[in-house]
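S.K.: Here it is, the structure in full.
Numbering (this note's numbering), first residue to last: 11 to 253.
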């Protein structure tokens, strides 16, 4: 059974200020939780509606009813398990190889998908502007499908970071150079911008090479690509010659 205090704490973790206050975040679903259990995240409590995760200490597991799980879930439809993990201390930025830089990404689903894409393409470092959605937002965690445990995400003053990096800085723009005709390196920073406004002017000034995904449609009327979709294409092209 879940106590009223537990319900109050867990439901409060939907909001960033309470995640920061308690240094806790939630994850839901067997797949996501199992991935996080295999990472360096420290499990606080695990709420389950049926026998699951036999390798987890019983002292960490709490058996609850379906109705109790519905009281604490952040999902529209409750799953069969919910875990509370401790937010770790932010790690030092890893400046090796390719780095993805996010300028004011606001949609949790987009951030989660970008993290998953970085994991897929072997990119271990994402640097985010301070305005970018919180990585421990429940919707972000869910969208990563566990990749959050394998990619280092840092929140920084992005303008300063780009001004000081010794790497070439690539930015995605509609009027950039055709990415399929560009000689791409195996090391650099790839900047992706806000869903509605793209890369901000202040960050654009730090970009050393503008790249674009060309439109192939006859009418040429599509305004832009979803940022997560664009990320998939850009990372695929950067990584293509490494195989």
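Just so it is clear, CB atoms sit at the ideal spot from N, CA and C, and this is done for glycine as well.
Have a look at residue 122 and residue 13 and give me their C-alpha separation to the nearest angstrom.
M.R.: Approximately 31 Å, taken between the alpha carbons.
S.K.: May I ask you to report which of helix, strand or coil DSSP gives residue 38?
M.R.: Strand at residue 38.
S.K.: Can you confirm whether the stretch 139-147 touches the stretch 155-174 when touching is taken to mean that 3 or more C-beta pairs between the two stretches lie within less than 8 Å?
M.R.: Touching, yes, given that three or more Cβ pairs across the two stretches are closer than 8 Å.
S.K.: Round the Cβ separation of residue 10 and residue 46 to the nearest angstrom and send it over; I've been treating them as touching at under 8 Å.
M.R.: Absent from the model: residue 10. The displayed extent of the chain is 11 to 253, so no value can be given.
S.K.: Check whether the stretch 238-246 and the stretch 126-133 are in contact - that is, three or more C-beta pairs closer than 8 Å.
M.R.: In short, these stretches touch, since the Cβ pair count reaches three.
S.K.: When you compare the CB positions of residue 187 and residue 218, do they come within less than 7 Å of one another, or not?
M.R.: No, the Cβ-Cβ distance between residue 187 and residue 218 is not below 7 Å.
S.K.: So is residue 216 buried or exposed if we call it buried at 16+ other beta carbons inside 10 Å?
M.R.: Buried, by the Cβ-count rule.
S.K.: Determine the direct distance from the alpha carbon of residue 240 to that of residue 220, and round the result to whole angstroms.
M.R.: Taking the straight line joining both Cα atoms gives about 14 Å.
S.K.: Residue range of the beta strand (DSSP E) that residue 56 falls in?
M.R.: Taken as a continuous stretch (DSSP letters only), the beta strand (DSSP E) holding residue 56 covers 52-58.
S.K.: To which residues does DSSP link residue 96 through a beta bridge?
M.R.: 34, 52, per the DSSP bridge assignment.
S.K.: Alpha carbon to alpha carbon, how far is residue 73 from residue 63? Give it in angstroms, no decimals.
M.R.: So the alpha carbons of these two residues sit roughly 12 Å apart.
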